[in-house]
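Below: one structure, written as structure tokens.
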Amino acid sequence: MRRAAAAGVADARELTGLNVTTKRVGVIGFPVEHSLSPIMHNAAFAALGMSDWYYDAMSIPPDILRLGLREPKNHGYVGINVTVPHKEAIMEYVRPDEVARAIGAVNTVDFRNNLGTNTDAAGLIADLRANDVPIRGQRVLVLGAGGAARAAVYGLLRAGASVAVVNRTKSRADKLVAQLRASARLTGAAVMTLDQAADWGMTLIVNCTSVGLHPHIQQSPWIHGLPFPEGVTVYDMVYRPANTALMQQCVAHGGRAIGGLGMLARQGAIAFELWTGVVPPVEVMIGALQTALETANED
């Protein structure tokens with residue numbers, strides 16, 4: 617127990633301005649010091665004049681997750697976000713809703729009813745729509761087969777797209793598609809190689825891998841020299857750097873590219889509303905994230 621407290625919760629309670637009436641929310645992970653979630657949520661609280669709310673980060677090692685969850689619960693936290701490596705393991709300790717069960721992961725918990733949900737799929741779809749990217753009836757290529765890809769495929773299929781999944785290890789892509797068929801009865805997803813997908817005629821490519829993430833900014837999940845479909849849009853969940861190598865490749869071939877910062881903000885906004893009942897200013901959250909990343913890049 618002491619180990620979890622020493623990893624962040626105790627320090628958060630001692631911050632100036634926090635008292636017994638403060639409504640707390642936060643994010644758990646391991647490590648979690650890099651998380652931008654406190655920045656965007658606290659910016660939204662400030663913009664709305666919600667001075668009685670505060671968001672912090674708690675580092676909880678995987679081997680004491682169950683014990684570590686008592687810290688925020690015992691100290692009156694309204695809810696938490698959940699990041700790696702706890703998104704799947706935490707399902708054992710909460711009541712996962714239909715979305716979380718279908719995706720196989722929880723990223724948001726409301727302690728008032730111990731409900732666990734997943735806002736990643738809805739955050740992606742919301743940001744695609746905010747950027748006027750058509751989804752229904754479109755062919756979408758998803759790169760990757762991890763947790764982010766499962767959420768993306770789930771959201772895209774529910775929104776009416778046909779989806780092809782490409783992953784370096786084909787068996788993982790096969791497993792992803794099979795799991796969604798079994799858990800959510802979602803069809804319309806297939807597994808392809810990148811060469812096959814290039815001739816498939818997709819209008820949207822969603823990168824759910826970490827390839828190209830800082831500091832490996834020269835890397836891209838797209839094979840060098842492989843053509844992009846005419847008029848395609850690339851949505852890269854990687855948001856640092858803001859303009860990834862994959863995005864640059866797409867634009868160089870006449871396509872459109874969108875970074876993943878908006879998805880980060882919008883999935884967070886859904887959790888914000890769940891906890892508070894208030895719709896947050898998403899543009900304020902995005903602005904706070906952009907400022908934080910610009911500052912980090914200067915260091």
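The sequence shown stops at residue 915 when you use the working numbering, and every number in between is there.
In this text, a Cβ means the ideal position worked out from N, Cα and C, and glycines have one as well.
Remember, predicted model here, so these are calculated numbers, not experimental data.
| Check | Outcome |
| --- | --- |
| Considering only residues of the same chain and omitting the five flanking positions on each side of THR638, which have a CB-CB separation below 8 Å? | ASP668, TRP669 and TYR670 |
| DSSP state of MET617, grouped into three classes? | With a pLDDT of only 32 at MET617, under the threshold of 50, the placement of this residue in the model should not be trusted; the figure read from the coordinates follows. It is coil, neither helix nor strand. |
| What's the call for GLU687, buried or exposed, on a 16-neighbour Cβ count within 10 Å? | buried |
| Just the Cα atoms here: how many angstroms apart are PRO897 and VAL807? | 38 Å |
| Would you grab the beta carbon distance between VAL698 and ASN723 for me? Rounded to a whole angstrom, and I think it's under 8 Å. | 5 Å |
| Should GLY871 and PRO845 be called a contact, given that it needs their Cβ atoms to be closer than 9 Å? | yes |
| Taking its Cβ as the centre, do 16 or more other Cβ atoms sit within 10 Å of THR907, making it buried, or is it exposed? | exposed |
| With a cut-off of 8 Å on the beta carbons, I'd call ARG755 and GLY817 a contact; round off their distance for me. | 6 Å |
| Going by the CB atoms, is the gap between ALA858 and VAL867 shorter than 9 Å? | no |
| Apart from the five residues just before and just after ILE706, which ones in its own chain have a Cβ nearer than 6 Å to its Cβ? | VAL698 and VAL722 |
| In three-state DSSP terms, what is VAL916? | Any answer about residue 916 is impossible in this case: the structure gives the chain only from 617 up to 915. |
| Sort ARG788, ARG797, VAL781 and PRO831 by Cα distance to ILE821 and report the nearest one. | VAL781 |
| From what residue to what residue does the beta strand (DSSP E) around LYS639 run? | 639-645 |
| For VAL895, count neighbouring C-beta atoms within 10 Å of its own C-beta (all shown protein chains included) and say buried if the count is 16 or more, exposed if not. | exposed |
| As a quick exercise: from GLY720, GLN864 and TYR709, pick the residue whose alpha carbon is nearest that of SER836. | GLN864 |
| So MET674 packs on VAL648, CB below 8 Å; how close in whole Å? | 7 Å |
| Might you give, ordered along the chain, the residues of its own chain that have their beta carbon closer than 6 Å to the beta carbon of ALA626, omitting 5 neighbours on each side? | Low per-residue confidence applies at ALA626: pLDDT is 36, beneath 50, and the placement is therefore not dependable, though the value from the model is reported in the following sentence. Once the five neighbours on either side are set aside, ALA626 has no close Cβ partner at all. |
| Look at the alpha carbon of LEU862 and the alpha carbon of ALA765, and state the distance between them as a whole number of angstroms. | 17 Å |
| Give the DSSP bridge partners of PRO712, in chain order. | GLY732 |
| Quick check: ALA718 and GLY732, are their CB atoms within less than 9 Å of each other? | no |
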